[in-house]
Each structure stands twice: as C-alpha cells, then as structure tokens.
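As structure tokens, the structure follows; a few thoughts come after it.
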Amino acid sequence: METTSIWLGNSSRPVSTLCDGWPRAPGSGLSYVSSMVTRKVYNPPSYTGPTPTCRYNYHGCELMVLSYLEEYSRVESISTATRPRSPACVMDMSQCLMPVGDFGCRLDAGHVRLLYWAQSKDPSALCVNNTHPVTSPPPTTEPVTAVYDGHTLTSPTVYLSFDHLEGNLCFSEYSNTIIGVPSNSISSIRFASKAYLSRTLSMNWADLEYPVPASAYTGMMDCWTSAWDGKHKDNCATSYDEDYLPHLALPTDGALYKGLDPAFANCSSVSWRKYVLDPPQSMKRADHL
Numbered sequence: 072m073e074t075t076s077i078w079l080g081n082s083s084r085p086v087s088t089l090c091d092g093w094p095r096a097p098g099s100g101l102s103y104v105s106s107m108v109t110r111k112v113y114n115p116p117s118y119t120g121p122t123p124t125c126r127y128n129y130h131g132c133e134l135m136v137l138s139y140l141e142e143y144s145r146v147e148s149i150s151t152a153t154r155p156r157s158p159a160c161v162m163d164m165s166q167c168l169m170p171v172g173d174f175g176c177r178l179d180a181g182h183v184r185l186l187y188w189a190q191s192k193d194p195s196a197l198c199v200n201n202t203h204p205v206t207s208p209p210p211t212t213e214p215v216t217a218v219y220d221g222h223t224l225t226s227p228t229v230y231l232s233f234d235h236l237e238g239n240l241c242f243s244e245y246s247n248t249i250i251g252v253p254s255n256s257i258s259s260i261r262f263a264s265k266a267y268l269s270r271t272l273s274m275n276w277a278d279l280e281y282p283v284p285a286s287a288y289t290g291m292m293d294c295w296t297s298a299w300d301g302k303h304k305d306n307c308a309t310s311y312d313e314d315y316l317p318h319l320a321l322p323t324d325g326a327l328y329k330g331l332d333p334a335f336a337n338c339s340s341v342s343w344r345k346y347v348l349d350p351p352q353s354m355k356r357a358d359h360l
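Add 71 to the 1-based position in the sequence shown for the working numbering, that's all there is to it.
Written as structure tokens, this is what we have:
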C-alpha cells in the first residue's frame with residue numbers, strides 16, 4: 072500500500088488575509104489517497120551442501136572498499152561518468168573496515184520528523200520587514216524536558232526522528248532513531264522558479280509557527296509546478312495551514328552521529344544523498360513538544 076497526494080483544486084473554504092496581503096486558508100490543499108502496489112520479490116535458492124571450512128581474509132574486502140571509495144570520489148564530480156557499483160563484501164558490516172581521517176561518510180534517510188521547541192509569534196511581525204532573521208528556540212532559565220516515543224528530550228537541543236536511516240559504506244541500517252543536534256546545525260532549502268535553482272538558509276524556527284511568512288511558504292518545492300513538478304497547482308497563490316513542509320539540509324558533522332555508531336567519529340563530514348522532507352504530520356502544531 073502506497074500513499075500519494077493530489078491537488079484538490081478550487082475547494083470552498085474560508086480565507087483570511089493578514090497585514091502582508093497574502094491569503095491563508097485552514098487545512099490542506101492536498102488530498103492523500105492510497106493505492107495497491109504489486110512488487111515481485113526474488114527468493115534465492117537454499118543450498119544443501121556442506122559449509123566451507125576455509126576462512127576468508129577480510130583484508131581483501133578492505134582493499135576493495137578503499138578502491139571503491141577512491142573511484143567513487145573521482146567520478147562524483149563528473150556528471151557524465153558511470154559510478155562504480157559497491158563491492159558485495161561491504162554488506163558484512165562486522166568486517167567492513169573504514170579508514171580514519173579525511174573520509175566523507177554518506178547517509179540515506181527515509182522520512183524524518185523534526186522535533187523542536189515551539190515559540191510564540193506575533194502575526195503583526197509579518198509586516199515589519201522582509202529579511203530572513205536567524206532565530207533560535209526561545210531561551211529558558213532552566214532546560215525544559217519532554218517525553219517523545221519513550222525518549223526524554225531536553226531543550227534547547229532539537230531532534231531528528233528517523234523512520235529509517237542507512238549508512239554507506241561500512242555502517243548498518245537504523246530504524247526508529249532519534250538524534251539530538253544543535254539548533255543552528257539545521258538549514259532549510261528555498262526553491263525558485265528555475266530547475267536546479269535553490270539556496271540554503273539558516274533555519275528560522277519562527278517560520279514553523281502560524282502564520283508562515285509568504286517568503287518561506289513559497290520557497291517550498293511544491294510551489295513550483297513547472298520547474299520542480301510541485302503539487303500545488305496554483306503555485307502557492309494561497310497558503311494552507313497544514314502544507315508548510317520545508318526541505319531540510321541536515322547536519323554534516325560526523326561527531327553528531329557517534330551515538331549511532333562510534334565509527335562515525337572517523338568521518339571528516341557526513342553527506343546526504345538527498346534533501347529530507349518532513350512527512351505531513353511533523354509540522355502540525357499539535358505535534359510540537
């Protein structure tokens with residue numbers, strides 16, 4: 072079963088306009104529908120022969136991994152180059168040896184929920200200026216704690232809750248993982264009317280509170296139907312309370328991920344193969360800690 076979203080079009084609902092003149096509507100401009108998907112799964116045959124008595128020298132695997140990493144780094148900056156396939160031996164994570172030092176580790180992520188500390192906002196601040204101030208969670212005299220999914224979270228740290236996280240190479244797969252990071256280590260991505268045109272901005276935590284500024288809302292990929300195949304077919308001429316889903320550029324400091332695996336301390340940096348988009352429920356005000 073897979074869920075996709077479709078644009079509702081000209082639905083009838085009340086619209087309000089604040090001092091910035093931008094129309095805002097409650098709810099979502101998208102509808103989510105489920106569909107059945109059939110996939111073929113290959114089951115390898117079982118082998119009834121005797122188990123080999125020889126021992127494999129995993130140093131050979133180490134050499135293959137290092138050779139693969141060197142070749143991958145060489146062709147990564149060449150758009151027309153064919154990227155090498157990873158050696159099969161890296162699937163044995165217990166024997167995959169990772170070098171120390173100047174090494175960029177890669178992470179693949181599924182859906183991520185951003186857990187942050189809510190702050191109040193004066194709607195009239197929309198019309199003060201059009202700049203992009205960098206804000207942090209509100210200061211407190213004492214740390215505030217909350218329990219989420221069995222984990223105790225403490226301000227002012229913000230948290231990333233991953234359904235699925237996969238490290239390449241030499242790392243395992245991680246499920247239902249929560250990582251605490253400094254609030255200034257997360258950035259948001261603003262997309263524009265031309266394909267491949269975007270910019271990275273420091274995360275403005277006030278943008279996550281209602282009302283969302285038009286400059287932040289229209290920076291979503293879904294607002295640009297022609298350039299980014301966005302889902303909002305009106306190019307976000309109206310903003311919807313539940314539809315602000317910014318793409319996140321996640322932290323690249325390997326030290327932040329040592330809780331997953333101490334080997335991340337060997338990473339000079341962590342790179343992500345894609346921007347990470349929060350699922351719809353992550354930005355609802357009811358989900359705030």
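In this text, a Cβ means the ideal position worked out from N, Cα and C, and glycines have one as well.
What is the DSSP secondary structure of alanine 334, counted as helix, strand or coil?
helix
In three-state DSSP terms, what is serine 342?
strand
Give the range of the alpha helix (DSSP H) segment to which valine 288 is assigned.
Position check: residue 288 holds tyrosine in this sequence, whereas valine was assumed. Counting along the chain, the alpha helix (DSSP H) containing tyrosine 288 begins and ends at 285-288.
Can you look up aspartate 220 in the DSSP assignment and give me helix, strand or coil?
coil
Assign alanine 334 to buried or exposed, taking buried as 16 or more other Cβ atoms, counted over all protein chains shown, within 10 Å of its Cβ.
buried
Report the rounded CA-to-CA distance for cysteine 176 versus leucine 331, giving the unit in angstroms.
13 Å
In whole angstroms, what separates the C-alpha of proline 204 from that of methionine 291?
In this predicted model, proline 204 has a pLDDT of only 49, less than 50, meaning its place in the structure is not dependable enough to derive any value.
Counting only C-beta atoms, is aspartate 324 closer than 8 Å to chain D at any point?
Structure shown: chain D not included; a single protein chain is present.
Do you know offhand how far valine 341's Cα is from serine 256's?
13 Å
Any idea if alanine 308 is buried or exposed, counting beta-carbon neighbours within 10 angstroms, 16 or more meaning buried?
exposed
Assuming serine 246 contacts proline 317 under a Cβ cut-off of 8 Å, what Cβ separation, rounded to an integer in Å, is found between them?
With a Cβ gap of about 24 Å, serine 246 and proline 317 do not count as contacting.
Please name the residue, chosen from Gly325, Leu321, Phe262 and Ala336, that lies closest to tryptophan 343 on a Cα-to-Cα basis.
Leu321
Can you tell me whether aspartate 314 sits near the ligand SAH, meaning its C-beta is under 7 Å from at least one heavy atom of the ligand?
With respect to the ligand SAH, the structure offers nothing, as it holds no ligand at all.
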